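Structure first, then comments.
In this note's numbering, the protein residues as written are 14 to 453.
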């Protein structure tokens with residue numbers, strides 16, 4: 014990861030993302046706490062999180078818009094817009110103004126989708142293909158670290174300075190990201206012309222996901238795995254209450270241990286990609302959740318710590334494997350649509366399973382459900398591992414052909430160039446290509 018930080022343009026991007034990710038981690042829980050404080054209702058507080066997730070249904074449209082504009086200016090503009098959309102929070106006074114928080118939360122969720130889609134293309138533009146895993150791994154490590162302190166910091170800041178000051182802190186984070194990323198000097202090719210109907214352009218990301226073998230397997234395997242993982246969000250409270258016989262606040266301790274596992278997984282993920290490939294890394298991440306869930310069948314504090322530690326390692330492995338695979342196997346002009354479509358197809362079922370888990374935990378024993386989750390994620394991980402050869406490790410290189418004795422020019426294999434294997438740089442937006450020339 015140190016090598017990727019030696020690139021000046023990535024250092025600027027990383028600095029900007031650090032500011033915006035810190036603002037994100039602080040704001041999410043604080044908005045829900047604000048609603049709880051104003052209304053006294055747990056249900057209305059939980060609806061804040063739903064308001065953030067709901068815009069995911071617009072992901073295909075967001076990806077289409079992102080792909081129509083240059084990445085860096087769009088990223089800067091999106092951060093500036095996110096800072097502006099927080100300003101209505103200054104009008105919140107009492108429970109009659111809760112609707113303002115919901116509107117801001119929904120717009121904030123739309124902003125998160127937009128920033129995620131444009132970031133995927135910006136990374137592809139600034140980072141060499143062989144270093145994408147390092148870049149994604151570093152960002153996931155920081156994100157997992159912020160999960161340890163961000164929500165608690167947001168809750169503490171809200172209790173200390175109130176919601177308005179918290180809004181100022183969030184705005185400062187997004188404004189800082191816009192300024193820092195705006196300092197990056199890069200030449201971007203103009204977006205390709207649109208020759209097809211807008212409906213075809215809108216669905217192009219989904220067609221690419223289902224048509225490319227490695228992406229299709231990743232989407233199916235991880236989609237099934239995340240569907241099972243979502244149930245655990247509600248089950249962990251039953252595990253602490255019924256299994257460990259502890260107060261619900263102990264969930265915070267388990268979340269902290271999970272965050273430590275996330276740091277470990279983020280640091281290890283680039284090496285795993287280099288040895289197992291992107292689909293293999295995704296398989297490992299999903300499979301790690303299996304023994305973690307099975308360990309939670311038996312209530313024991315120390316075994317629980319090991320389980321959530323494994324679950325923490327799982328998340329960054331899946332994210333780095335999936336994001337790197339998408340960035341390597343998608344033409345630059347499609348990255349926004351493919352990234353947003355994959356997020357929608359995975360987050361949608363996961364949101365459903367979170368709600369279903371909340372209902373099932375009142376009907377079935379939590380231990381039975383954890384056992385089923387463990388088996389399901391192991392099967393999903395096995396399905397992904399079986400297809401790991403669809404994305405061989407980037408460290409595997411096809412040997413350069415020897416120079417013929419008669420002086421003829423050797424022919425480069427088209428399939429190797431199309432995948433960016435052997436350091437080839439195919440022209441014209443082919444997967445693995447360098448849209449900016451020598452810098453990529």
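For glycine and all other residues, C-beta sits at the position ideal for the given N, C-alpha and C.
As the structure is a computational prediction, the values presented were derived from the model and not from experiment.
Between the C-alpha atoms of residue 241 and residue 300 there is a straight-line separation of about 12 Å. The residues 150, 153, 154, 157, 329, in chain order, have a CB closer than 7 Å to that of residue 279 in the same chain once the five nearest residues on each side in sequence are set aside. Under a 10 Å Cβ-count criterion, residue 127 is classified as buried, with 16 or more other Cβ atoms of the shown protein chains found around its own Cβ. Here residue 92 has 29, 33, 128, 187, 188, 190, 191, 194 as same chain residues with Cβ atoms under 8 Å from its own Cβ, once five neighbours each way along the sequence are excluded. The DSSP-derived three-state label of residue 100 is helix. Closest option to residue 176, judged by alpha-carbon separation, among 401, 100, 72, 89: 100.
Between residue 123 and the set 71, 106, 270, 139, the nearest pair of CA atoms involves 71. Around the beta carbon of residue 197, 16 or more other beta carbons lie within 10 angstroms, which makes this residue buried. For residue 377, the secondary structure class from DSSP, reduced to helix, strand or coil, is coil. Listed in chain order, the non-local C-beta contacts of residue 366 below 6 Å within the same chain comprise 240, 243, 244, local neighbours out to five positions each way being set aside. Around residue 390, the same chain offers 238, 241, 299, 302, 303 as residues with beta carbons nearer than 6 Å, after the five sequence neighbours per side are excluded. DSSP, reduced to helix, strand and coil, places residue 87 within a helical segment of the structure shown.
Collapsing the DSSP output to three states places residue 311 in coil. Relative to residue 51, the option among 400, 269, 111, 268 whose CA is nearest is 111. Fewer than three pairs of CB atoms, one per stretch, sit closer than 8 Å, so the stretch 39-46 makes no contact with the stretch 307-323.
The Cβ atoms of residue 353 and residue 73 lie closer than 8 Å to each other. Straight-line spacing of the CA atoms in residue 233 and residue 225 works out to 12 Å.
If you look at residue 27, you'll find it in the alpha helix (DSSP H) that goes 21-52.
Per DSSP, the unbroken alpha helix (DSSP H) holding residue 231 starts and ends at 226-242. With respect to residue 336, residue 38 sits apart: the two C-beta atoms are not nearer than 8 Å. Cβ contact annotation for residue 277 (same chain, cutoff 6 Å, sequence separation greater than five): 326, in chain order. By alpha-carbon distance to residue 144, the top candidate from 355, 350, 17 is 17.
The beta-carbon separation of residue 131 and residue 84, rounded to 6 Å, stays under the 8 Å limit for a contact. Taking C-beta atoms as the reference points, residue 406 and residue 258 fail to come closer than 8 Å.
Judged by their CB atoms, residue 179 and residue 171 are nearer to each other than the 8 Å cut-off. Contact between residue 75 and residue 87 is absent: CB atoms are separated by about 11 Å, not below the 8 Å threshold.
Residues 48, 115 of the same chain have their beta carbon placed closer than 8 Å to that of residue 60, with the five preceding and five following residues left out of the count.
For residue 82, the secondary structure class from DSSP, reduced to helix, strand or coil, is coil. Assigned with DSSP and collapsed to three states, residue 68 falls in helix. Assignment of residue 400 by DSSP, reduced to helix, strand and coil, places it in the coil class. In the DSSP assignment, residue 114 falls within the alpha helix (DSSP H) that extends over 111-139.
DSSP, reduced to helix, strand and coil, places residue 105 outside both helices and strands of the structure shown, so it counts as coil.
With a beta-carbon spacing of about 4 Å, residue 230 and residue 400 fall inside the 8 Å limit used to define contacts. If you draw a 10 Å sphere on the C-beta of residue 294, you find 16 or more other C-beta atoms in it, and that means buried. In the structure shown, the three-state DSSP call for residue 331 is helix.
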